[in-house]
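S.K.: Using the numbering used here, you'd call the opening residue of the sequence shown number 2 and step up by one each time.
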Amino acid sequence: MIGGDGVETGTEQKPIETTEAELEAKKGGKFAFLKRPQFYIVLCLSQALAITQTGTNTITTLLVDVGTNIPAFQSLFNYIFLVLIYTSFTIYKYGFKGWLKLIYKDGWRYFILAFWDVEGNYFTVLAYRYTTILSAQLINFWAIAVVVVISLIFLKVRYHFAQYAGILIACGGLGLLVASDHITGSNGGPAANAVKGDLFALLGATCYGLSNVFEEFLVSKRPMYEVVGQLGFWGMFINGVQAAIFDKQSFRKATWNGQVAGYLVGYTLLLTWFYTVAPIVFRMASAAFFNIGLLTGNFWGVIVGIKIFHDHIHYLYPIAFVMIIGGHFVYYGTEGVLGEAKKPWLGQNQEGGSDGLGTARRQLENPRAVI
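(1) Asp248: which of Asn70, Gly29 and Phe201 sits nearest, CA to CA?
(2) Just how far apart, CA to CA, sit Pro224 and Gly357?
(3) In chain order, what residues of the same chain have a beta carbon less than 6 Å from the beta carbon of Asn367, not counting five sequence neighbours either side?
(4) Distance check for Ala255 and Gly68, CA to CA, integer angstroms please.
(5) Quick check on Lys15: does DSSP put it in helix, strand or coil?
(6) Tell me whether Ser89 is buried or exposed, calling it buried when 16 or more other Cβ atoms sit within 10 Å of its Cβ.
(7) Can you tell me whether Val242 is buried or exposed, with buried defined as 16 or more other CB within 10 angstroms of its CB?
(8) Exposed or buried, which one is Tyr209 when buried takes at least 16 other CB atoms within 10 Å?
(9) Please confirm whether Gly230 and Thr91 have their CB atoms less than 8 Å apart.
(10) Would you check if the distance between the CB atom of Ala286 and the CB atom of Val43 is smaller than 8 Å?
(11) Taking DSSP as the reference, what is the three-state secondary structure of Gly198?
(12) Just to confirm, are Asn58 and Leu272 a CB contact at a threshold of 8 Å?
(13) Please report how far the alpha carbon of Gln39 lies from the alpha carbon of Ile372, in whole angstroms.
(14) I need the DSSP call for Tyr87, collapsed to helix, strand or coil.
(15) With a 10 Å radius around its C-beta and 16 neighbouring C-beta atoms as the bar for buried, classify Val266 as buried or exposed.
(16) Applying the criterion that 16 or more other CB atoms from any shown protein chain within 10 Å of the CB defines a buried residue, is His329 buried or exposed?
(17) Is the closest heavy atom of the ligand GDP to the C-beta of Asp248 under 7 Å?
(18) Report the CB separation of Val214 from Leu156 in whole angstroms; it is logged as a contact under 8 Å.
(19) Does Val196 pass the burial test, meaning 16 or more other C-beta atoms within 10 Å, or should it be called exposed?
(20) Quick one, are the C-beta atoms of Val282 and Leu35 less than 8 Å apart?
(21) Return helix, strand or coil for Glu25, following the three-state DSSP convention.
(22) Give me the Cβ distance between Ala51 and Leu295, rounded to the nearest whole Å; I'm assuming they're in contact under 8 Å.
(23) Tell me the residue span of the alpha helix (DSSP H) that contains Ile113.
(24) Counting only runs that start and end within the stretch 243-276, where is the alpha helix (DSSP H) found for 4 or more residues in a row?
(25) Am I right that Ala342 and Ala73 are in contact with their C-beta atoms under 8 Å? What's the rounded C-beta distance?
(26) Counting Cβ pairs closer than 8 Å, one from the stretch 232-239 and one from the stretch 111-119, do we hit at least three?
(27) Just the C-alpha distance for Val179 and Ile154, rounded to the nearest angstrom, thanks.
(28) DSSP three-state call for Val371: helix, strand or coil?
(29) Determine the direct distance from the alpha carbon of Ala262 to that of Thr125, and round the result to whole angstroms.
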């Protein structure tokens, strides 16, 4: 099959059997998307990602605590893993010449995606050196705002009132989490340089927002293995150069022992899993829903903190968690049967999109498909 930009993908897409209107007539109605298994699958996947992110944030904190703060180098092995897994599979599917053609024709797009992603990782990890956990939590609001604005402007996404309400309810839940942290004083202690740390966190959230929206656009059109493989390929070079320039001094000062090695292995495995699952959420839902789902990471962080850092759970935490999850239901309260899997830039019946895992086109080709 020839992809949207003329690159041979090695796969054939099936003809669309059912139009969106026909699917709505069969399975639509009030709260149509909330009644479908796709909603609960993507909800569970988003929470799996929130727990995974909690794991990477916890490991980053543990590394800083033992004197190892290497924001660029810390993420390098993740990109190498993505290359080994997904670039290798892309070459297997396209052939080496087809892969080189992909690099030549679309490499610039994936370079931009990888740049935003690398900088998001870099500035977020760097922020932990200077700011408090409380401040880092507040930055989550900004990431959602960036995603919504970019989607409105560039992807022509039009959000319903219920979606805005769902976002506000979920953000209100995060506000309760932050308030409870302030009440209990569990904000990570005094900041080394709060202004500097908050600016780094804002930069990181902005870069993440840009990369999330761009990745949603790309995986809606192209195979996931291609997108993730290219993200890893270009990210490996960008991150490697950045680590060589900015992490040299930190690398020399860092603590190196078996414990640190174990942390880095755990961080890499968790992040690789995160990069594997995230594109499915982008296809089945959206970059906005993806970021709303990550808001519960603060709740899962407390669960981890009880075991590792001996924190105590505040009564507001369960209430906040219910608010955030409730926001997910409100967000999709008025969505049609396809939910946000239907992308406005792909055509009425998703003619311009991929028919891969999690896409609306896959459901139109086979209405019995669950994912």
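Ideal Cβ positions, reconstructed from N, Cα and C, are used throughout, including at glycine.
M.R.: A quick look at the data gives this:
(1) Out of Asn70, Gly29 and Phe201, Asn70 has the C-alpha closest to the C-alpha of Asp248.
(2) Cα atoms of Pro224 and Gly357: separation of roughly 7 Å, rounded to the nearest angstrom.
(3) Cβ within range, chain order: n/a, list empty.
(4) Straight-line Cα distance between these residues: approximately 6 Å.
(5) Three-state DSSP puts Lys15 in coil, outside helix and strand.
(6) Residue burial is scored here from C-beta neighbours: Ser89 has fewer than 16 other C-beta atoms within 10 angstroms and is therefore classed as exposed.
(7) Exposed: under 16 other Cβ atoms inside 10 Å.
(8) So Tyr209 ends up on the buried side.
(9) Result yes, Cβ atoms of Gly230 and Thr91 sit closer than 8 Å.
(10) The answer is yes: Cβ separation under 8 Å.
(11) The answer is helix: DSSP assigns Gly198 an H, G or I state.
(12) No, they are not a contact pair.
(13) Going by the C-alpha atoms only, they are around 7 Å apart.
(14) DSSP, read as helix, strand or coil, puts Tyr87 in helix.
(15) Flag for Val266 reads exposed.
(16) Under the 10 Å beta carbon count, His329 is surrounded by 16 or more other beta carbons and is classified as buried.
(17) With respect to small molecules bound, the structure shown includes none, and the ligand GDP cannot be examined in it.
(18) Yes, Val214 and Leu156 are in contact; Cβ-Cβ is about 7 Å, under 8 Å.
(19) It counts as exposed.
(20) Cβ atoms of Val282 and Leu35: not closer than 8 Å.
(21) Three-state DSSP puts Glu25 in a helix.
(22) Their Cβ separation, rounded to whole angstroms, is 5 Å, which keeps Ala51 and Leu295 in contact under 8 Å.
(23) First-last of the alpha helix (DSSP H) with Ile113: Phe97 to Ala128.
(24) Complete alpha helix (DSSP H) runs here, min 4: 249-254.
(25) With a Cβ gap of about 35 Å, Ala342 and Ala73 do not count as contacting.
(26) Segments in contact, yes.
(27) Those two C-alpha atoms are separated by around 30 Å.
(28) Val371 falls in the coil class under three-state DSSP.
(29) Distance between Thr125 and Ala262, taken at the CA atoms: about 21 Å.
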